[in-house]
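Numbers given in our numbering equal positions in the sequence shown, counted from 1, plus 768. We put the beta carbon where it would ideally sit given N, CA and C, even for glycine.
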Amino acid sequence: MEVVFTQDVPNKARAGEVRRVPDGYARNYLLPQGLAEIATEEVKKRIHKITAVGDEIRVRETAIMEELAKGMDDVTITLTA
769 MEVVFTQDVP
779 NKARAGEVRR
789 VPDGYARNYL
799 LPQGLAEIAT
809 EEVKKRIHKI
819 TAVGDEIRVR
829 ETAIMEELAK
839 GMDDVTITLT
849 A
């Protein structure tokens, strides 16, 4: 069965990943615990939109951090005991 993980599951998958897992594992553990949902086309599209937005945010934050780092290139800190 193909599922989309809604939360990180140690040693299995991270939230947002689509994975094929045994049917029993999905039905008896992942789905009842809310750790995953069945990977329908609708769910895959929703996850794709969410990850695309997350990627955009990550790119913007990286650019901001790089600008801040450039501004700190000439900063000197002196510590005395």
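Rounded separation between GLN775 and ASP841 - CA only: Numbered from 1 along the sequence shown, position 7 holds the residue referred to as residue 775. Numbered from 1 along the sequence shown, position 73 holds the residue referred to as residue 841. Taking the straight line from one Cα to the other gives about 39 Å.
Going by Cα to Cα distance, which pick from ARG787, LYS812, ALA781 is closest to MET769? For the purposes of this step, residue 769 is taken as the residue at position 1 of the sequence shown. With distances taken between Cα atoms, MET769 lies closest to ARG787.
So the alpha helix (DSSP H) ALA820 belongs to, where does it begin and stop? For this step, residue 820 is matched to residue 52 along the sequence shown. Segment 809-839, the alpha helix (DSSP H) holding ALA820.
Using 8 Å as the cut-off, can you tell me whether the stretch 825-836 makes contact with the stretch 794-806, which would need three or more C-beta pairs spanning the two stretches below that distance? no
Is ARG795 helix, strand or coil by DSSP? For the purposes of this step, residue 795 is taken as the residue at position 27 of the sequence shown. It is helical.
Can you tell me whether ALA804 is buried or exposed, with buried defined as 16 or more other CB within 10 angstroms of its CB? Taking the first residue of the sequence shown as position 1, residue 804 is located at position 36. ALA804 is buried by the Cβ-count criterion.
Less than 8 Å between the C-beta atoms of VAL843 and ILE806, yes or no? Taking the first residue of the sequence shown as position 1, residue 843 is located at position 75. Taking the first residue of the sequence shown as position 1, residue 806 is located at position 38. No, the Cβ-Cβ distance between VAL843 and ILE806 is not below 8 Å.
Where GLU785 and ILE815 are concerned, what is the direct C-alpha to C-alpha distance, given to the nearest angstrom? Within the sequence shown, residue 785 is the residue found at index 17, counting from 1. Within the sequence shown, residue 815 is the residue found at index 47, counting from 1. Each residue's Cα considered, the two are about 9 Å apart.
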